[in-house]
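Student: In terms of the numbering used here, the sequence shown opens at residue 1 and continues consecutively. Cβ atoms here follow ideal geometry from the backbone N, Cα and C, with glycine treated the same way. The model shown is predicted, which means the values in this text are computed figures rather than measured ones.
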Amino acid sequence: MSGTKSGINWIGLYTIVRREVSRMMRVPIQAFIAPWISALLFIFIFGFVVGGRISSIGGVPYIRFVLPGILMMNIVNASFLQSSTAIYFSRFLRFIEETLVSPMSYSEMIAGNLAVVVVRSTVTAIGILLMGLAFGATTVQSIPAFLFWVVAVSMIFGLMGIVIGLWSKSFEQLNVLTVFFITPLSMVGGVFNTVEMLPPWLRWLAWANPFFYFINGIRHSMIGFSETPAAVGYGFTTILAVVMFLWVLRLYSRGYGLRE
1 MSGTKSGINW
11 IGLYTIVRRE
21 VSRMMRVPIQ
31 AFIAPWISAL
41 LFIFIFGFVV
51 GGRISSIGGV
61 PYIRFVLPGI
71 LMMNIVNASF
81 LQSSTAIYFS
91 RFLRFIEETL
101 VSPMSYSEMI
111 AGNLAVVVVR
121 STVTAIGILL
131 MGLAFGATTV
141 QSIPAFLFWV
151 VAVSMIFGLM
161 GIVIGLWSKS
171 FEQLNVLTVF
181 FITPLSMVGG
191 VFNTVEMLPP
201 WLRWLAWANP
211 FFYFINGIRH
221 SMIGFSETPA
231 AVGYGFTTIL
241 AVVMFLWVLR
251 LYSRGYGLRE
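(1) Exposed or buried, which one is Thr237 when buried takes at least 16 other CB atoms within 10 Å?
(2) Can you name, in chain order, every residue of its own chain whose Cβ lies under 6 Å from the Cβ of Tyr234, other than the five neighbours on each side?
(3) Check the C-beta distance from Ala39 over to Leu71 and give it rounded, since I have them as a contact under 8 Å.
(4) Please check the pair Ile162 and Val248, which I expect to be a contact at CB under 8 Å, by giving their CB distance rounded to whole angstroms.
(5) May I have a chain-ordered list of the beta strand (DSSP E) segments no shorter than 3 residues that lie completely inside the segment 57 to 125?
(6) How would you label Leu174, buried or exposed, when you count the other beta carbons within 10 angstroms and need 16 or more for buried?
(7) So for Ile8, helix, strand or coil by DSSP?
(8) Between which residues of its own chain and Val195 is the CB-CB distance below 7 Å, once the five residues before and five after are set aside?
(9) Could you have a look at Ile281 and say whether DSSP puts it in helix, strand or coil?
(10) Around the Cβ of Gln30, are there at least 16 other Cβ atoms within 10 angstroms (buried) or fewer (exposed)?
(11) Does the beta-carbon of Thr99 have 16 or more other beta-carbons within 10 angstroms, so that it is buried, or is it exposed?
(12) In chain order, what residues of the same chain have a beta carbon less than 8 Å from the beta carbon of Phe135, not counting five sequence neighbours either side?
(13) CA-CA distance, Trp167 and Gly12?
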């Protein structure tokens with residue numbers, strides 16, 4: 001199995017990226033069309049149906065408040081689905097062995113998979129952003145900040161997807177994180193409400209929810225609304241990304257889920 005070495009194996013990286021992009025493009029409806037249609041429906045529902053009854057929240061139109069959260073949920077789902085299925089099926093079909101015997105370091109293997117995760121999440125996010133701009137449902141206050149949140153969060157959940165993909169022994173187990181962690185926490189992470197709207201005794205749930213910082217961060221980059229100091233969100237997300245990368249690197253070095 002590969003270990004560490006000097007230099008970067010660009011051919012190996014390109015091969016991994018090309019293979020995963022090819023796999024992704026075989027399911028364009030699942031990869032891109034489905035989240036775009038979902039976001040379009042949210043724009044219609046919250047912009048014209050619910051928005052007609054709730055004029056504003058946090059001092060901004062309701063659809064403008066909600067759309068960044070919808071966009072972040074799609075980023076999380078896209079990145080986790082891309083990496084978890086990639087590593088799971090490479091184990092299931094046993095072509096992961098070809099990668100493991102190649103002259104690539106563990107960091108390069110991880111980086112190759114994450115590159116495709118970031119591409120998928122970025123294309124998904126930009127598509128939703130353009131729809132929001134076209135319908136007047138959002139704005140963009142800072143493009144660099146917007147890209148930071150898209151890339152950083154997609155990396156975090158891309159790495160989480162690798163962990164689950166290495167752990168899973170069945171396709172059902174592959175969905176455990178989505179059902180019991182991603183969906184519940186994203187729904188109570190401030191997509192549809194501010195922290196002030198919660199009862200005082202429940203507000204600690206928001207501050208303890210990592211999704212709150214992701215949603216708050218991208219909302220601030222889009223419409224300028226924030227409920228926490230920017231440095232808190234940036235610092236927390238950066239540290240979490242580094243910790244997740246080191247965790248995955250450790251799993252690879254131990255051969256967890258790979259030596260079967």
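Tutor: Let's see:
(1) On the sequence shown, residue 237 is found 237 positions in, with the first residue counted as 1. Burial call: buried.
(2) In the sequence shown, counting from the first residue as 1, residue 234 sits at position 234. Around Tyr234: no qualifying Cβ.
(3) Numbered from its first residue, the sequence shown carries residue 39 at position 39. Numbered from its first residue, the sequence shown carries residue 71 at position 71. With 8 Å as the limit, Ala39 and Leu71 qualify as a contact, their Cβ atoms being about 7 Å apart.
(4) One-based indexing of the sequence shown puts residue 162 at position 162. One-based indexing of the sequence shown puts residue 248 at position 248. Yes, Ile162 and Val248 are in contact; Cβ-Cβ is about 5 Å, under 8 Å.
(5) none
(6) Along the sequence shown, one-based indexing puts residue 174 at 174. Buried, since its Cβ has 16 or more Cβ neighbours within 10 Å.
(7) Counting from one through the sequence shown, the residue named residue 8 turns up at place 8. Reduced to three states, the DSSP call for Ile8 is coil.
(8) Translated into the one-based positions of the sequence shown, residue 195 becomes position 195. Counting only Cβ-Cβ distances below 7 Å, and skipping sequence neighbours, we find Arg203, Ala206 and Glu227.
(9) Lying before the first or after the last residue shown, residue 281 is absent from the chain, which here runs from 1 to 260.
(10) By one-based count along the sequence shown, residue 30 stands at place 30. Gln30 should be labelled exposed.
(11) Along the sequence shown, read from residue 1 onward, the residue named residue 99 stands at position 99. Counting Cβ neighbours within 10 Å, Thr99 comes out buried, since at least 16 surround it.
(12) Reading the sequence shown from its first residue, position 135 is the one you call residue 135. Cβ neighbours of Phe135 beyond the five flanking positions: Ile43 and Gly47.
(13) Taking the sequence shown and counting its residues from 1, one reaches residue 167 at position 167. Taking the sequence shown and counting its residues from 1, one reaches residue 12 at position 12. Their Cα atoms are separated by approximately 25 Å.
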